[in-house]
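Chains as they are written, first to last, in this note's numbering: chain A, 9 to 140; chain B, 9 to 140; chain C, 9 to 140; chain D, 9 to 140.
What follows is the structure, encoded as structure tokens:
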């Protein structure tokens, strides 16, 4: 599991008084930084490899300004060229949101998907989600 | 169907060169303004009624800076206190993203869900999604 | 003067109940779209020309969700390679925010500033700010 | 000086390939969290006290995705009810952006400014900016 700490910002709340729902996908993407780095170690957007295909979010509990949150990111399934992630957001040890994201390993120059290389696959397998 | 025109902003793109995937939920929420207004005609956050329960997005085609997009918002299903929306985003007449959002009609003061009032229900029925 | 209409989004408010102050620079940049188009008519980021050097904002009055705003963008000064803009944001005919932004006409490939071409200069002169 | 570490997000870049200029005010506001906490220790927006009056940013050097940044926040001047901050953003020990923000200590219920209380004033004085 990858863990990412995020400190909520005033600009991420909304008039209702909690973190706005559109902030959640932004935080979940932030939690994928270590995975993006596996595919593009130099962080160059010319060599960007991860294209999102779909995602979903379940909003379980309000998230408040004033207390840090933790993003937990697991690998759910590694396909030939696709990668499914499962993610959870905790605040004060309460599960507040969860979701899935499906990515494809894509070559922007050739405009086609490519198999996920074996060394990356091995590293991703260290972060597989297992139901306990 | 509710239609909302949005002009993409430079700040909504990312280094890969297209509109960032996290911008899509922001635009989809913007497309729900006419529905929020039905439930809270004075736009006051103290009387806010619509709480999001879950949502999903399918990313079908890249969206570019420099050309307007249209959000199309339909009512998919009206439950007792819940409301499911179906939404599509078009750029240059191409379907680029689609998704669902599930809301509950919620009383923040009483902290409980409430039935969707009949006059609002009737108005929402004018925007039901029908497969042609 | 360039005029841009913007419909405030729930995600642009904050817990205090108004449009968050960090939304203002985002809207002001959105108001510069017609100027960006003058310098990069094909909207390609490879040919991007306008690099921001500094900006300021005066917050004069709260902006509310539920009512459209208008961004008014003037050219304040055209230097050899620099361009100073003056911008105002109105809601319900009330001036709510104003600010300046200084850009330089920059060649990203050569990594140096370049004179603003005469045809663009002429077009910009149509939008000069004059104290009445 | 208050120090805040921020890990840049893909969604905070733009098509030109760097962190978008509108992200900077968002990060600077994030750097003010410890100051907001002084004025509103329970983080409640009903008791929010800090209203921004004006701000400016100088963009000195591009900021890149892939490397952490540090926000440094100083108190520049403490007035009767006003508070001026000076802020810098560093990436890889390079000063990339700097700016000022002017706040007023405001009572939202009474809709009027109020003197900054002495205990807060004393704490703020520990973070005064001194030219070395």
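The beta carbon of each residue, even a glycine, is placed where N, CA and C say it ideally should be.
With DSSP as the reference, label residue i as helix, strand or coil.
{"i": "residue 66 (chain B)", "result": "strand"}
{"i": "residue 24 (chain D)", "result": "coil"}
{"i": "residue 119 (chain B)", "result": "coil"}
{"i": "residue 40 (chain C)", "result": "coil"}
{"i": "residue 35 (chain B)", "result": "helix"}
{"i": "residue 71 (chain C)", "result": "coil"}
{"i": "residue 17 (chain B)", "result": "coil"}
{"i": "residue 130 (chain C)", "result": "helix"}
Please name the residue, chosen from the options, that lies closest to residue i on a Cα-to-Cα basis.
{"i": "residue 111 (chain D)", "options": "D:84, D:10, D:9, D:22", "result": "D:84"}
{"i": "residue 129 (chain A)", "options": "A:107, A:117, A:51, A:89", "result": "A:89"}
{"i": "residue 78 (chain B)", "options": "B:93, B:52, B:59, B:105", "result": "B:105"}
{"i": "residue 9 (chain A)", "options": "A:56, A:93, A:34, A:22", "result": "A:93"}
{"i": "residue 86 (chain C)", "options": "C:56, C:125, C:23", "result": "C:125"}
{"i": "residue 72 (chain D)", "options": "D:131, D:58, D:31", "result": "D:31"}
{"i": "residue 17 (chain C)", "options": "C:109, C:74, C:54, C:116", "result": "C:74"}
{"i": "residue 21 (chain C)", "options": "B:21, B:33, B:15, B:53", "result": "B:53"}
{"i": "residue 58 (chain B)", "options": "A:109, A:28, A:108, A:58", "result": "A:28"}
{"i": "residue 33 (chain A)", "options": "A:115, A:107, A:116", "result": "A:107"}
If residue i and residue j are in contact, beta carbons under 8 Å, what's the gap, nearest whole angstrom?
{"i": "residue 67 (chain A)", "j": "residue 80 (chain A)", "result": "No, residue 67 (chain A) and residue 80 (chain A) are not in contact; Cβ-Cβ is about 16 Å, not under 8 Å."}
{"i": "residue 146 (chain B)", "j": "residue 69 (chain B)", "result": "A question about residue 146 (chain B) goes unanswered here, because the residues of chain B that appear run from 9 up to 140."}
{"i": "residue 24 (chain C)", "j": "residue 56 (chain D)", "result": "5 Å"}
{"i": "residue 113 (chain D)", "j": "residue 91 (chain D)", "result": "7 Å"}
Taking buried to mean at least 16 other C-beta atoms within 10 Å of its own C-beta, is residue i buried or exposed?
{"i": "residue 19 (chain D)", "result": "buried"}
{"i": "residue 96 (chain B)", "result": "buried"}
{"i": "residue 26 (chain D)", "result": "buried"}
{"i": "residue 100 (chain C)", "result": "exposed"}
{"i": "residue 3 (chain A)", "result": "There is no way to answer for residue 3 (chain A), as the model of chain A reaches only from 9 to 140."}
{"i": "residue 118 (chain B)", "result": "exposed"}
{"i": "residue 136 (chain A)", "result": "exposed"}
{"i": "residue 13 (chain C)", "result": "exposed"}
{"i": "residue 120 (chain D)", "result": "exposed"}
{"i": "residue 122 (chain C)", "result": "exposed"}
{"i": "residue 76 (chain D)", "result": "exposed"}
{"i": "residue 138 (chain D)", "result": "exposed"}
{"i": "residue 37 (chain D)", "result": "buried"}
{"i": "residue 50 (chain C)", "result": "exposed"}
{"i": "residue 5 (chain C)", "result": "One cannot answer for residue 5 (chain C) here, as it falls past the ends of chain C, which runs 9 to 140."}
{"i": "residue 134 (chain A)", "result": "exposed"}
Do the stretch 39-49 of chain D and the stretch 48-62 of chain A meet, that is, are 3 or more Cβ pairs less than 8 Å apart?
no
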